[in-house]
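Position in the sequence shown (from 1) plus 194 gives the number in my numbering.
The beta carbon of each residue, even a glycine, is placed where N, CA and C say it ideally should be.
Being a predicted model, the structure only gives us computed values, none of them experimental.
Let me begin by presenting the structure, written as structure tokens, before commenting on it.
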Amino acid sequence: YMGYAFRSFNTHGRAMFTLAHRAMAGYDEADYVLTDGERICRTAIGWNFGDGHMHNEQLIAALQKRCDFEPGEVRVLLLDAQPI
Numbered sequence: 195y196m197g198y199a200f201r202s203f204n205t206h207g208r209a210m211f212t213l214a215h216r217a218m219a220g221y222d223e224a225d226y227v228l229t230d231g232e233r234i235c236r237t238a239i240g241w242n243f244g245d246g247h248m249h250n251e252q253l254i255a256a257l258q259k260r261c262d263f264e265p266g267e268v269r270v271l272l273l274d275a276q277p278i
């Protein structure tokens, strides 16, 4: 997915991959698909802001309500860029 290359241009994007591996610790990573919140938001509601304003706990709760994920089936990593 080309979006991963775009994400890796920024420090918080590079951190996302490391943190995702930590979130999946103890699980077989081959059982998961690493995807971007923008793709989830676009699929779930048909569009996204492209800046992360809708990728929060409210979106996670809405997806859980509709999809009824089992414990451990989905891992969510929230990461926000902050200026240094």
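Could you check where the alpha helix (DSSP H) with threonine 205 kicks off and where it finishes?
205-217
Evaluate cysteine 235 with the Cβ neighbour count: other Cβ atoms within 10 Å of its Cβ, from every protein chain shown; 16 or more gives buried, anything less gives exposed.
buried
What's the gap between the Cα of methionine 218 and the Cα of threonine 237?
23 Å
Which runs of the alpha helix (DSSP H) fall wholly inside the region 233-267 and span at least 4 residues, in chain order?
251-261
Any idea if methionine 210 is buried or exposed, counting beta-carbon neighbours within 10 angstroms, 16 or more meaning buried?
buried
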